[in-house]
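K.L.:
The letter at position 368 of the sequence shown is residue 368 when you use the UniProt record's numbering, and the numbering goes up by one with no holes. Pasting a structure below so you can have a look.
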Amino acid sequence: MTEDQKNIVSVRSLTKAYGATAVLKGIDFSVARGEIHALLGGNGAGKSTLIRIITGTATKDGGELFFRDASGNLLSETDGRLKVAVVHQELALLPHLTVAENIALPHFRKGSRLYDRRLATRQAHDALSMIDRDFAAVALNRLVGDLSLHEGQMVEIARALSSGAELILLDEPTANLTAIETERLFGVLRRLARDNGLSVVFVSHRMKEIRQIANVCSIIRDGRTVVKSVPTGDLTDRAIVEHMGQAHVMAAPRAIRVAQQSMAGEPLTITEDGFSVVLQPGTILGVAGAPAGPETLIAALVGAAHAKRWTVTRAGWPARFRSPHQAARLGAGFVTGDRAHRGILHSLPIIDNVLASRRVTRGSLFARKHEGVECLDLMQALKVKAGSLWHLPNTLSGGTQQKLLLARWLNLPSRLLVLEEPTRGVDIGTKREIYQLIRDMAATGTAIVWWSTENAELLEVCDRVLAFDTEGRSSGVIERDQLSEDRLATLTGMAA
Ligand SMILES: Nc1ncnc2c1ncn2[C@@H]1O[C@H](COP(=O)(O)OP(=O)(O)OP(=O)(O)O)[C@@H](O)[C@H]1O
Ligand SMILES: [Mg+2]
1 MTEDQKNIVS VRSLTKAYGA TAVLKGIDFS VARGEIHALL GGNGAGKSTL
51 IRIITGTATK DGGELFFRDA SGNLLSETDG RLKVAVVHQE LALLPHLTVA
101 ENIALPHFRK GSRLYDRRLA TRQAHDALSM IDRDFAAVAL NRLVGDLSLH
151 EGQMVEIARA LSSGAELILL DEPTANLTAI ETERLFGVLR RLARDNGLSV
201 VFVSHRMKEI RQIANVCSII RDGRTVVKSV PTGDLTDRAI VEHMGQAHVM
251 AAPRAIRVAQ QSMAGEPLTI TEDGFSVVLQ PGTILGVAGA PAGPETLIAA
301 LVGAAHAKRW TVTRAGWPAR FRSPHQAARL GAGFVTGDRA HRGILHSLPI
351 IDNVLASRRV TRGSLFARKH EGVECLDLMQ ALKVKAGSLW HLPNTLSGGT
401 QQKLLLARWL NLPSRLLVLE EPTRGVDIGT KREIYQLIRD MAATGTAIVW
451 WSTENAELLE VCDRVLAFDT EGRSSGVIER DQLSEDRLAT LTGMAA
């Protein structure tokens with residue numbers, strides 16, 4: 001068999017434009033059988049677009065796309081795609097169906113068999129158990145619409161794993177998983193690759209994970225392949241970052257023009273059954289642990305209706321906010337971790353997405369003359385690539401949409417800013433700059449609460465970290481000088 005015949009999929013000189021914007025300008029990419037292949041590149045480089053063309057949800061303009069079977073024979077695109085499963089960057093589940101139905105239904109459709117509930121439930125259970133046995137035991141009959149983002153992510157992954165696919169494309173599947181779930185997922189992928197010859201394409205902006213899981217990598221930059229199928233171990237982190245065109249990572253971010261205002265003032269106290277944490281203005285409190293605990297705390301902080309366990313006290317604030325609108329007006333900002341469903345305003349242009357919080361806090365819901373400049377400044381600070389301020393946010397890449405959510409609160413005079421995975425899907429280069437921008441905000445007196453499933457991030461940015469165990473109970477506050485990955489792993493019950 002020639003080298004090319006070993007590839008389950010190969011792509012040559014692929015091009016794609018949206019309107020006048022060339023997005024893919026000549027991509028070469030191929031995946032061999034049994035290979036775990038990292039697809040790398042900065043935000044907007046074209047990774048998701050390439051994946052959409054491989055799976056057939058977008059069409060190519062030019063170039064070639066081949067699928068081959070295990071003996072090296074060419075397949076038609078339709079037959080080739082039957083062997084491919086994908087976990088998209090944003091969840092693609094049917095909310096009014098159960099977990100079991102979401103996992104099993106696609107397979108039934110393909111084979112045009114009738115839906116067999118018992119068989120479906122068994123398949124779904126087996127697939128979900130590979131990642132989380134406890135969740136599989138209780139979740140099968142729940143409606144997907146009632147799941148948290150994190151649980152939905154596990155359902156998507158289970159669906160791909162159970163599909164019997166020979167190639168799985170995972171577009172940032174771990175952005176919402178905890179360390180232990182990621183470890184389990186990687187275990188499953190390695191086993192399937194080794195024993196069943198499964199091929200995996202893995203997109204991630206987390207360097208540590210890329211090294212853990214991928215034996216081969218390709219790097220694309222601005223729509224072109226710059227590194228094709230090189231052993232991951234042959235490239236240093238620095239070399240990868242340089243190939244991505246992000247050598248500026250090491251450089252200091254530039255200051256932005258938006259006016260800052262000092263927010264010195266009262267501390268905030270958050271209490272749960274006698275256990276309380278005082279949050280001083282100007283400090284960054286990290287939140288670590290499996291989602292159950294952080295989710296309830298954050299719901300209380302931002303005034304979501306279902307938060308009863310925690311109380312938040314601060315002079316001049318009500319015990320609970322009536323609405324996000326009230327929270328914003330009183331100086332409490334929130335960057336949601338669920339950008340697709342709760343964060344992005346899909347039907348409004350980029351400029352409205354960026355300026356939404358500013359308009360609320362200033363009490364003017366209408367666009368003002370100077371807003372264009374303000375919006376551009378914010379976008380430049382976060383290196384947002386967009387054709388026009390008036391385009392819809394769905395024309396932006398995943399990481400770029402995340403930046404819109406952050407831009408909304410950046411340098412607004414807030415007393416409290418609650419961040420849920422604020423750098424989710426943001427590329428390595430911009431992450432560093434976001435850390436600095438948020439430190440700068442803290443320096444003006446804003447108190448920051450920062451939940452991250454990436455412990456390395458918490459270690460880098462936080463003054464103290466509030467940890468939750470896997471049951472959702474707070475297990476202690478660690479001060480900066482005591483912080484370490486081991487300490488966090490122990491307190492969150494996620495020691496390997
Ligand atoms: N429907 C669309 N209309 C116009 N432009 C689009 C559309 N979809 C994507 N683009 C543009 O294509 C480029 C590549 O986007 P893509 O989503 O493939 O990037 P990515 O590499 O997946 O980035 P990220 O790491 O942020 O997910 C971006 O500049 C984006 O703005
Ligand atoms: Mg993407």
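Each residue gets a CB set at the ideal place from its N, CA and C atoms; glycine is no exception.
Mind checking whether the beta-carbon of Lys431 lies closer than 8 Å to any heavy atom of ligand 1?
P.N.:
Because no heavy atom of ligand 1 lies under 8 Å away, the Cβ of Lys431 does not count as near it: no.
K.L.:
Starting from Lys208, follow its DSSP beta bridges and name the residues at the other end.
P.N.:
In DSSP, Lys208 forms no bridge with anything.
K.L.:
Assign Ile344 to one of three DSSP states: helix, strand, or coil.
P.N.:
Three-state result, Ile344: coil.
K.L.:
Note down the Cα distance separating Leu74 from His88, rounded to an integer number of angstroms.
P.N.:
Each residue's Cα considered, the two are about 26 Å apart.
K.L.:
Where Thr269 and Ala332 are concerned, what is the direct C-alpha to C-alpha distance, given to the nearest angstrom?
P.N.:
Those two C-alpha atoms are separated by around 14 Å.
K.L.:
For Lys25, which of helix, strand or coil comes out of DSSP?
P.N.:
Three-state DSSP puts Lys25 in a strand.
K.L.:
Looking at Glu64 and Ser13, is the spacing between their C-beta atoms short of 9 Å?
P.N.:
In contact: Ser13 and Glu64 (Cβ atoms closer than 9 Å).
K.L.:
Please name the residue or residues paired with Pro231 in a DSSP beta bridge.
P.N.:
According to DSSP, which records beta bridges pairwise, Pro231 is partnered with Val216.
K.L.:
Count the other C-beta atoms from every protein chain shown that fall within 10 angstroms of the C-beta of Thr225, then say buried if there are 16 or more, exposed otherwise.
P.N.:
Answer is buried; the Cβ neighbour count reaches 16.
K.L.:
Count the other CB atoms, across all protein chains shown, that sit within 10 Å of the CB of Gln280; report buried if there are 16 or more and exposed otherwise.
P.N.:
The residue in question, Gln280, is exposed, as its Cβ has fewer than 16 Cβ neighbours within 10 Å.
K.L.:
CA-CA distance, Thr430 and Thr121?
P.N.:
Between Thr430 and Thr121, the C-alpha separation is close to 42 Å.
K.L.:
Can you check which of these residues, Ile53, Ala100 and Ala17, is closest to Arg81 by C-alpha distance?
P.N.:
For Arg81, the nearest C-alpha among the options comes from Ile53.
K.L.:
Out of Gly337, Val384 and Tyr435, which one is the CA nearest neighbour of Leu177?
P.N.:
Closest option to Leu177, Cα to Cα, is Gly337.
K.L.:
Can you grab the Cα-Cα spacing for the pair Ser452 / Glu485, in whole Å?
P.N.:
When rounded, the distance between both Cα atoms is 13 Å.
K.L.:
Figure out for me which residue from Glu209, Val31, Lys6 and Arg194 has the closest Cα to the Cα of Ile428.
P.N.:
Closest option to Ile428, Cα to Cα, is Glu209.
K.L.:
Within 10 angstroms of its Cβ, does Asp4 collect 16 or more other Cβ (buried), or is it exposed?
P.N.:
Result: exposed.
K.L.:
In this structure, does DSSP put Ser13 in helix, strand or coil?
P.N.:
Ser13 falls in the strand class under three-state DSSP.
K.L.:
Determine whether the beta carbon atoms of Pro422 and Pro393 lie at a separation below 9 Å.
P.N.:
Their beta carbons are not under 9 Å apart, which means Pro422 does not touch Pro393 by this criterion.
K.L.:
When the distance is taken between beta carbons, is His205 closer than 9 Å to Gly363?
P.N.:
No, these two residues do not count as a Cβ contact at 9 Å.
K.L.:
Going by alpha carbons, who is nearest to Ser229 out of Lys16, Leu39 and Val373?
P.N.:
The candidate whose alpha carbon is nearest that of Ser229 is Leu39.
K.L.:
Ligand 4 heavy atoms versus the CB of Gln402: any closer than 8 Å?
P.N.:
Summarising the ligand content, the structure contains ligand 1 and ligand 2 and does not contain ligand 4.
K.L.:
Quick check: Ala139 and Glu151, are their CB atoms within less than 9 Å of each other?
P.N.:
It is a contact, given that the beta carbons lie within the stated cut-off.
K.L.:
With burial defined as no fewer than 16 other Cβ atoms inside 10 Å of the residue's Cβ, what is the status of Arg194: buried or exposed?
P.N.:
Exposed is the call here.
K.L.:
Any chance you could list the beta strand (DSSP E) runs of at least 3 consecutive residues sitting entirely within the region 376–430, in chain order?
P.N.:
Listed in chain order, they are 416–420.
K.L.:
Does the Cβ of Trp450 have 16 or more other Cβ atoms within 10 Å, making it buried, or fewer, making it exposed?
P.N.:
Buried: at least 16 other Cβ atoms inside 10 Å.
K.L.:
In this structure, how does DSSP classify Met202 when only helix, strand and coil are distinguished?
P.N.:
What sits at residue 202 in the sequence shown is Phe, not Met. Three-state result, Phe202: strand.
K.L.:
Tell me Leu40's beta-bridge partners as DSSP assigns them.
P.N.:
Answer is Ile219.
K.L.:
Just tell me which of Val335, Ser357 and Ala340 has its CA closest to the CA of Gln326.
P.N.:
Looking at the Cα atoms, Ser357 is the closest of the given residues.
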